[in-house]
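Just so we're aligned: 223 in full-length UniProt numbering is position 223 of the sequence shown, and the numbers increase by one with no gaps anywhere. Glycine residues also receive a C-beta, built at the ideal position from the N, C-alpha and C atoms. Nothing here was measured: the structure is a model prediction, and the numbers come from that model.
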Amino acid sequence: MLYVLTGEVRYVMSIGYKYDHTCYTIMQQLRYFLTVIEMGFNLKPVAVLMLSTLTLLANGEPQVPCYFVFGDSLMDNGNNNYLVTQAKVNYPPYGIDFPDGPTGRFSNGRNIADVIAELLGFKSYIPPFATANGEQIISGVNYASGAAGILEETGQHMGARISLDKQIQNHWITILRLSYLIGKGSLATTKKYLNECIYTIGMGNNDYINNYFAPKYYKTSTLYTPEQYAEVLIEQYSKQLQALYKYGARKFGIFAAGYTGCTPGMMKEYGVNSCVDSVNYAVILFNTLLNATLNDLNNKYADAKFIIIDSPLGYSNDLNVTDVPCCEVSSTYAKGNCAPNQIPCSNRENYVFWDAYHPTEKVSIIDGTAAYETLSPLYSSEIISSSTDNGSGYISDI
1 MLYVLTGEVR YVMSIGYKYD HTCYTIMQQL RYFLTVIEMG FNLKPVAVLM
51 LSTLTLLANG EPQVPCYFVF GDSLMDNGNN NYLVTQAKVN YPPYGIDFPD
101 GPTGRFSNGR NIADVIAELL GFKSYIPPFA TANGEQIISG VNYASGAAGI
151 LEETGQHMGA RISLDKQIQN HWITILRLSY LIGKGSLATT KKYLNECIYT
201 IGMGNNDYIN NYFAPKYYKT STLYTPEQYA EVLIEQYSKQ LQALYKYGAR
251 KFGIFAAGYT GCTPGMMKEY GVNSCVDSVN YAVILFNTLL NATLNDLNNK
301 YADAKFIIID SPLGYSNDLN VTDVPCCEVS STYAKGNCAP NQIPCSNREN
351 YVFWDAYHPT EKVSIIDGTA AYETLSPLYS SEIISSSTDN GSGYISDI
């Protein structure tokens, strides 16, 4: 059965006829199916993805009206290009496998948010807040920023960045713009629209890499034990998620923090050739509290859904270079970024890490596909009731 399915998919992909965007999106999903199948994942995610493909075939529309992205460099698609910061990658070899070349994505190609957007059926990638204009914002906005964190101070030694608090402020600006584009000035109408959109938030990584485990620049590791610091982060994170709820968000996908102790950058920092257990221990504390907090939020807000998104536990055998980056990492500028204009490894499909902290496009496809399947309750069911906000919410009322 598995062989037949794979063969059929390859046949469809090999036809080579011209197709509109709907067909293009379906081809993208078929490619992801192949990746998932050949990775040896179970067939439940594949079945979900196949059903979503049939939906796209039927109506050619995205599975949700809009998609909003909040996060750090794992999601940033160009917001930092206009900032004075070391956390900026709008130069080669970044984007070597992306159609538009270097765009500010911390990858050789697409990032996780791009993969999710494609699988949801959007006609183009979600635009960065820095350049989004006009009716572009109706389909969503990407607010993510490299070096940003839950805490305002996180990443400040790298230069300018857009913290999660500021990303939420930028979302409010988007809401005001949307109210005139789709709501005739009514915030209540706009919020009802936002109720149907998917929000993904991926934060916490920099609060460890570029804060707690950077004692040269921050005092948090002397002020708090790992347990206390996780509580500080989660208390603030919960407030931020609830602020998005207040603004109309109802469908949340929250990424667990990654095992940053296993990144080449952190291993080099500690002078070891294997994962840094103390770093991963701190991250596990954060993720455990995050999961409990999301359960609490689900109980508190019956008309919303908060889903935690974990990365796959392992990758295929061909992703066998796990401890060094594909590109040559700069020794003089920017923490862990590729040195400008250098030639990266040619066998990128075998590398987990593109630079010292960020995954290759291949890993993003795997992680993004898994995230898309995890998010399925947000786009494939009607379990979330409409907002109970009865206020008029007109701009003129503010």
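Using the three-state DSSP reduction, which class does residue i fall into: helix, strand or coil?
{"i": "S52", "result": "With a pLDDT of only 49 at S52, under the threshold of 50, the placement of this residue in the model should not be trusted; the figure read from the coordinates follows. Looking at S52 - three-state DSSP - the assignment turns out to be helix."}
{"i": "V115", "result": "helix"}
{"i": "S159", "result": "Here residue 159 turns out to be Gly, not Ser, going by the sequence shown. Of the three classes helix, strand and coil, the one that applies to G159 here is strand, per DSSP."}
{"i": "N80", "result": "helix"}
{"i": "residue 404", "result": "The requested residue 404 does not occur in the structure, where the chain is confined to residues 1 to 398."}
{"i": "G149", "result": "coil"}
{"i": "P377", "result": "helix"}
{"i": "P226", "result": "helix"}
{"i": "G134", "result": "helix"}
{"i": "T154", "result": "coil"}
{"i": "T85", "result": "strand"}
{"i": "N350", "result": "helix"}
{"i": "N317", "result": "coil"}
{"i": "N142", "result": "strand"}
{"i": "G71", "result": "strand"}
{"i": "V324", "result": "coil"}
{"i": "V363", "result": "helix"}
{"i": "V64", "result": "coil"}
{"i": "F276", "result": "Going by the sequence as given, residue 276 is Val instead of Phe. In this structure, V276 counts as coil in the three-state DSSP scheme."}
How should residue i be labelled, buried or exposed, when 16 other C-beta atoms within 10 angstroms of its C-beta is the threshold for buried?
{"i": "D318", "result": "exposed"}
{"i": "D303", "result": "exposed"}
{"i": "D277", "result": "exposed"}
{"i": "S274", "result": "exposed"}
{"i": "N133", "result": "exposed"}
{"i": "D367", "result": "buried"}
{"i": "A113", "result": "buried"}
{"i": "W354", "result": "buried"}
{"i": "S124", "result": "exposed"}
{"i": "S380", "result": "exposed"}
{"i": "I343", "result": "exposed"}
{"i": "I116", "result": "buried"}
{"i": "L378", "result": "buried"}
{"i": "A292", "result": "exposed"}
{"i": "K335", "result": "buried"}
Roughly how far, in whole angstroms, is the beta-carbon of residue i from the beta-carbon of residue j, given that I think they are within contact range, below 8 Å?
{"i": "V69", "j": "A144", "result": "6 Å"}
{"i": "P65", "j": "Y193", "result": "7 Å"}
{"i": "A230", "j": "G146", "result": "No, A230 and G146 are not in contact; Cβ-Cβ is about 23 Å, not under 8 Å."}
{"i": "F306", "j": "F255", "result": "Not really, about 12 Å apart at Cβ, beyond 8 Å."}
{"i": "T260", "j": "I309", "result": "In fact, because the Cβ distance is near 16 Å, the residues do not count as touching under 8 Å."}
{"i": "R161", "j": "L241", "result": "Not really, about 20 Å apart at Cβ, beyond 8 Å."}
{"i": "D207", "j": "I150", "result": "5 Å"}
{"i": "F286", "j": "I234", "result": "7 Å"}
{"i": "A356", "j": "T263", "result": "6 Å"}
State the Cα-Cα distance for the pair residue i and residue j, rounded to the nearest angstrom.
{"i": "I175", "j": "T85", "result": "27 Å"}
{"i": "K191", "j": "R250", "result": "10 Å"}
{"i": "residue 404", "j": "N211", "result": "Examination of residue 404 is not possible in this model, given that the chain is present from 1 through 398 alone."}
{"i": "R348", "j": "P93", "result": "12 Å"}
{"i": "N142", "j": "A214", "result": "27 Å"}
{"i": "G109", "j": "L74", "result": "12 Å"}
{"i": "S139", "j": "D97", "result": "25 Å"}
{"i": "N337", "j": "L244", "result": "31 Å"}
{"i": "L57", "j": "V272", "result": "For L57, the predicted model reports a pLDDT of 40, less than 50, meaning its position is unreliable and no value from the coordinates is stated."}
{"i": "A148", "j": "I365", "result": "23 Å"}
{"i": "Y180", "j": "L187", "result": "9 Å"}
{"i": "K216", "j": "D100", "result": "37 Å"}
{"i": "T225", "j": "L297", "result": "25 Å"}
{"i": "N341", "j": "F129", "result": "27 Å"}
{"i": "M203", "j": "S330", "result": "25 Å"}
{"i": "L119", "j": "T369", "result": "8 Å"}
{"i": "C345", "j": "V352", "result": "12 Å"}
{"i": "E61", "j": "F122", "result": "8 Å"}
{"i": "I168", "j": "P359", "result": "26 Å"}
{"i": "Y281", "j": "T154", "result": "20 Å"}
{"i": "I284", "j": "L375", "result": "22 Å"}
{"i": "N79", "j": "G185", "result": "27 Å"}
{"i": "D323", "j": "S316", "result": "15 Å"}
{"i": "N205", "j": "K268", "result": "17 Å"}
{"i": "T220", "j": "K246", "result": "30 Å"}
{"i": "K300", "j": "T131", "result": "36 Å"}
{"i": "G183", "j": "C197", "result": "15 Å"}
{"i": "G314", "j": "V279", "result": "19 Å"}
Does the beta carbon of residue i fall short of 8 Å from some heavy atom of the ligand FMN?
{"i": "I309", "result": "The model on display carries no ligand, and the ligand FMN is accordingly not part of it."}
* Residue ranges of each beta strand (DSSP E) within the segment 237-274, 3 or longer -> Counting whole runs of 3 or more residues, the segment 237-274 contains the beta strand (DSSP E) stretches 251-255.
* To do: Return the chain-ordered ranges of every beta strand (DSSP E) run that is complete within the segment 286-315 and spans a minimum of 3 residues.
  => Entirely contained in the segment 286-315, the beta strand (DSSP E) runs reaching 3 residues are, in chain order, 305-309.
* Contiguous alpha helix (DSSP H) assignments of at least 4 residues, all confined to the segment 178-219 -> If we require 4 residues or more, the alpha helix (DSSP H) runs fully inside the segment 178-219 come out as 187-194.
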